[in-house]
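In our numbering, the protein residues as written are 293 to 734. Note that the Cβ used here is the ideal one computed from N, Cα and C, for glycine as well. Being a predicted model, the structure only gives us computed values, none of them experimental. Let me begin by presenting the structure, written as structure tokens, before commenting on it.
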Ligand code: SAM
Ligand code: SF4
């Protein structure tokens, strides 16, 4: 390898899954002798780990790739690599290269683990390397990881998705569901706890279907119970749950151990049964409410967060009002809200009745205002309470430490000591809208 190429910078778009994949790319680059650069200007290799779930993420990535043209002119040795789910779309690599001929490597979601081989190959050739294989992918164990989110550690339990929600591109770019072996996951978790990680977040597009493709009878409820039984003080979180597979067994598993956070991410997408059917979600409004009710019956204080989309094709004002009434009923502890984005190749992109942008914008603003109001009311109820939080980071703008309680609520507090990675007790003194201010209690 050329000795002067030694610093990397990774730009990540999208969700926790992608953040963790960037940790793998960073791990591979570190194993090759690279160190982290301060920014793209001081890097010898810049990797874009892209996302194509919504159009705006794609646009941002393309804008940022374009912005590197100048840098590449100044430094001919700079390597620019683009990977992630954007590049996995059919014919996308070629069109990307025609817009940005200065890209050096384009790699698909199934080529990530081979990044070392790709980079080594690229360093010995001039022309752009395009490696986007179109298999359903397989499972690689032992990829090095340079973790960036201590005291939390992300752990993949499965890859891909079989659900084909009609709006979603994920099944096309991530392949079919593949579960990791239970023992490999448990060993990774044990090792992380030994290393001092205090929170483990299990990742999968639909964690509740973990094990369906394995022949040993493993399922997600058993998996979380086994992980929670590992010695040591830590929190266990997971995402994402699919309501259709969110069984009573799952709910009792969450209730069974204090290490499993009483905080469930259960994306509803819409409160209208008609829209849910068009989305191919395999549940209706009543079923979702039934799952919420059961969860609250078994774990009354359980926090529930969600994903909601507005402006799906054929969504009428009445359908949107169904979403609003469901949000009020659910009293969600947080919601990621999205305007439907038309994705080429998906069933919904061909549907009649695409919704005007102005209508969608009005709906999303109404939804965001409602959810903010719900969260403010929930925050007010915290004042005066004592809560245990896991200190995650120091916020240099606010000049204080920050951490979350088990329900995911963010608390800011001051301390003379570095408490990152420690569980501490705080008394909540006031609210700052969504977040809380607290005082440390000895
Ligand atoms: N697998 C998870 C599930 O089923 O809930 C979510 C994965 S997806 C990365 C995260 C969220 O992005 C989805 O819950 C959905 O709300 C949103 N999303 C997916 N496709 C979208 C699209 N075409 N337009 C807008 N939002 C979309
Ligand atoms: Fe996309 Fe649906 Fe799969 Fe989630 S479950 S990744 S929304 S297809």
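Skipping 5 residues on each side, what residues in its chain have a beta carbon closer than 8 Å to that of residue 318? 300, 302, 328, 437, 438, 440
Is residue 534 near the ligand SAM, going by C-beta to nearest heavy atom under 7 Å? yes
DSSP three-state label for residue 602, please. Correct three-state label for residue 602: strand.
Does the Cβ-Cβ distance between residue 705 and residue 718 come in under 8 Å? yes
Per-residue DSSP class, three states only, for residue 571: coil
Span separating the alpha-carbon of residue 364 from that of residue 412: 19 Å
Let me know the alpha helix (DSSP H) ranges lying completely inside the stretch 626-704, each 4 residues or longer, listed in chain order. DSSP runs (the alpha helix (DSSP H)) wholly in the stretch 626-704: 649-672.
Where residue 335 falls: helix, strand or coil (DSSP): coil
Report yes if the C-beta distance between residue 549 and residue 596 is below 8 Å; otherwise report no. no
Collapsed DSSP secondary structure at residue 719 in the structure displayed: strand
Could you check whether the Cβ of residue 456 sits closer than 7 Å to any heavy atom belonging to the ligand SF4? yes
Is residue 463 near the ligand SF4 - that is, is its Cβ less than 7 Å away from at least one heavy atom of it? yes
Assuming residue 584 contacts residue 622 (C-beta within less than 8 Å), just tell me the rounded distance between them. 6 Å
Tell me the DSSP bridge mates of residue 557? Beta-bridge pairing links residue 557 to 597.
Check the Cβ-Cβ distances between residue 378 and every residue of chain C, and say whether any is below 8 Å. No chain C appears in this structure, which consists of one protein chain only.
Given residue 613 as reference, the closest of 659, 581, 633 once Cα atoms are compared: Nearest of 659, 581, 633 to residue 613, Cα basis: 659.
Span of the beta strand (DSSP E), counted from its first residue to its last, around residue 304: 299-304
Entirely enclosed beta strand (DSSP E) segments - the stretch 336-409, minimum 3 residues: 337-342, 371-376, 397-399
Shortest alpha-carbon distance to residue 313 belongs to which of 707, 375, 545? 375
Residues near residue 567 in its chain [Cβ-Cβ closer than 6 Å; skip 5 each side]: 604, 607, 611
Once you ignore the five residues that flank residue 298 on each side, which residues in its own chain have a CB closer than 8 Å to its CB? Short of 8 Å from the beta carbon of residue 298, and not among the five residues preceding or following it, lie these beta carbons of its own chain, in chain order: 325, 326, 327, 336.
Which class does residue 724 belong to by DSSP, given the choice of helix, strand or coil? strand
Out of 713, 569, 692, state which residue places its alpha-carbon closest to the alpha-carbon of residue 730. 692
Keeping to the same chain, check which residues put their C-beta closer than 8 Å to that of residue 389; ignore five residues upstream and five downstream. 395, 398, 420, 422
Is there contact between the stretch 482-498 and the stretch 446-459, where contact requires at least three CB pairs shorter than 8 Å? yes
Taking 7 Å as the cut-off, is the CB of residue 601 close to at least one heavy atom of the ligand SAM? yes
Rounded to whole angstroms, how far is the Cβ of residue 616 from the Cβ of residue 443, which I believe are closer than 8 Å? Not confirmed; about 37 Å, so no contact.
Backbone secondary structure at residue 493 - three-state DSSP: strand
Beta-carbon gap between residue 556 and residue 492 smaller than 8 Å: Cβ atoms of residue 556 and residue 492: not closer than 8 Å.
Would you kindly work out how many angstroms separate the C-alpha atoms of residue 638 and residue 464, rounded to a whole number? C-alpha separation (whole angstroms): 9 Å.
Tell me whether residue 417 counts as near the ligand SF4, meaning its Cβ is closer than 7 Å to at least one heavy atom of that ligand. no
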